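Following: one structure in structure tokens, then a few remarks.
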Amino acid sequence: MPTLFEKIISRDIPADIVYEDEWVVAFRDINPQAPVHVLVVPRKPLVNVAEAGPEDAELLGRVMLAAAEVARREGVAASGYRLVLNNGEGAGQSVFHLHCHVLGGRGLRWPPG
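Residue numbers for the sequence shown, in this note's numbering: -7 to 105.
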């Protein structure tokens, strides 16, 4: 059964897409935790980083490059932003399709909790 993110990627359900290329689709989170909260999702359906193999190295790099581009486009690159990859339910992953959160637009505390 396709994940929520696969349905967004295939345009079966709507999303506010802010960036896409041949590797990823990036869209605004429906429950934002910061003024800028965008999810960068690879088109390839990997569950999380732990399930990635050496063959996914370029894809993982493309996710990071896309996250940096999203930060530039969203106007938070200069002020600072956080990238988050939750791996597994215990880490807060709720959609089991690898994705990177781009968070910015306000001061972010550390540790995040």
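Beta carbons: idealized from backbone N, C-alpha and C, even for Gly.
No experiment lies behind these values; they were computed from the predicted model shown.
Between arginine 20 and alanine 49, the alpha-carbon positions lie close to 25 angstroms from each other. Per the C-alpha coordinates, the member of Gln25, Glu14, Asp8 and Gly45 positioned closest to arginine 35 is Glu14. Rounded to the nearest angstrom, the Cβ distance from valine 68 to glycine 96 is 3 angstroms, consistent with a contact under 8 angstroms. The shortest C-alpha to C-alpha distance from proline -6 to any of Ala26, Leu38 and His29 is the one to Leu38. When DSSP states are grouped into helix, strand and coil, glycine 96 belongs to the strand group. The straight-line gap separating the alpha-carbon atoms of glycine 80 and tyrosine 11 is approximately 25 angstroms. Valine 87 and leucine -4 do touch by the CB rule: their CB atoms are close to 5 angstroms apart, below 8 angstroms. Counting only runs that start and end inside the segment 44 to 97, the beta strand (DSSP E) elements of at least 3 residues fall at 73 to 76 and 92 to 96.
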